[in-house]
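Enquirer: Pasting a structure below so you can have a look.
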Amino acid sequence: MSSDAFERYLRANRHPSRPSGRLWNPAADVYRTHDGWIVKVDLAGIQAGDVEIAIKGPLLRISGLRRDSVCGEGVSHYQLEITYSRFEKTIQFPGSIEHAAITRDYRDGLLILQLREEGASRTRAAGK
Numbered sequence: 088m089s090s091d092a093f094e095r096y097l098r099a100n101r102h103p104s105r106p107s108g109r110l111w112n113p114a115a116d117v118y119r120t121h122d123g124w125i126v127k128v129d130l131a132g133i134q135a136g137d138v139e140i141a142i143k144g145p146l147l148r149i150s151g152l153r154r155d156s157v158c159g160e161g162v163s164h165y166q167l168e169i170t171y172s173r174f175e176k177t178i179q180f181p182g183s184i185e186h187a188a189i190t191r192d193y194r195d196g197l198l199i200l201q202l203r204e205e206g207a208s209r210t211r212a213a214g215k
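Heads up: the sequence shown begins at 88 in the working numbering, then just goes up one per residue.
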């Protein structure tokens, strides 16, 4: 490809259309523990306050919004690959998790949820 052809290619592909209003589905890992579950969700660039967690029966729904806080007046995009919009991740467990105690931690772009089954520790203690 000649230098002129390469320059034309760059100019033609310089401003790809921005994904707007597209719901994205972040990656998640789910681990089974002795007293419940651990769920890790890849939420880089998300403010902890912009994350909502809902449980209904066996479903865990994590949703929210990733905002682009860098752009402002006088800034135009050159290349956009990161999706800035609403996100949602739904995970189905093999049984109801409605009564699980949830602790949440957000660090290094990962939301880490620990779901401890109600009565799991009491049942184990009684079995000793």
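All C-beta atoms in this analysis are idealised placements derived from N, C-alpha and C, irrespective of residue type, glycine included.
Just so we're clear, the structure is a prediction, and the values are computed from it rather than from any experiment.
Per DSSP, which residues does residue 174 bridge with? Please list them.
Expert: Residue 174 pairs with 111 and 151.
Enquirer: What residue does the beta strand (DSSP E) around residue 200 start on, and which one ends it?
Expert: Counting along the chain, the beta strand (DSSP E) containing residue 200 begins and ends at 197 to 203.
Enquirer: What is the DSSP secondary structure of residue 116, reduced to helix, strand or coil?
Expert: In this structure, residue 116 counts as strand in the three-state DSSP scheme.
Enquirer: How would you write the range of the beta strand (DSSP E) that residue 137 sits in, first residue to last?
Expert: Taken as a continuous stretch (DSSP letters only), residue 137 belongs to no beta strand (DSSP E), as it is neither H nor E.
Enquirer: For the putative contact between residue 112 and residue 174, defined by C-beta atoms under 8 Å, what is the C-beta separation to the nearest angstrom?
Expert: So it is a contact: roughly 7 Å between Cβ atoms.
Enquirer: Can you look up residue 102 in the DSSP assignment and give me helix, strand or coil?
Expert: Since pLDDT at residue 102 reaches only 42, below the 50 mark, its modelled position is unreliable, and the value read off the structure follows with that caveat. In the structure shown, residue 102 sits in coil (DSSP, three-state: anything other than H, G, I, E or B).
Enquirer: Do residue 140 and residue 189 have their C-beta atoms closer together than 8 Å?
Expert: Yes, Cβ-Cβ distance for residue 140 and residue 189 is below 8 Å.
Enquirer: Count the other CB atoms within 10 Å of the CB of residue 128; is the residue buried (16 or more) or exposed (fewer)?
Expert: Buried, since its Cβ has 16 or more Cβ neighbours within 10 Å.
Enquirer: Take residue 131 and list the residues in its own chain whose beta-carbon comes closer than 7 Å to its own, dropping the five residues that flank it on each side.
Expert: Excluding positions up to five away in sequence, the list reads 196.
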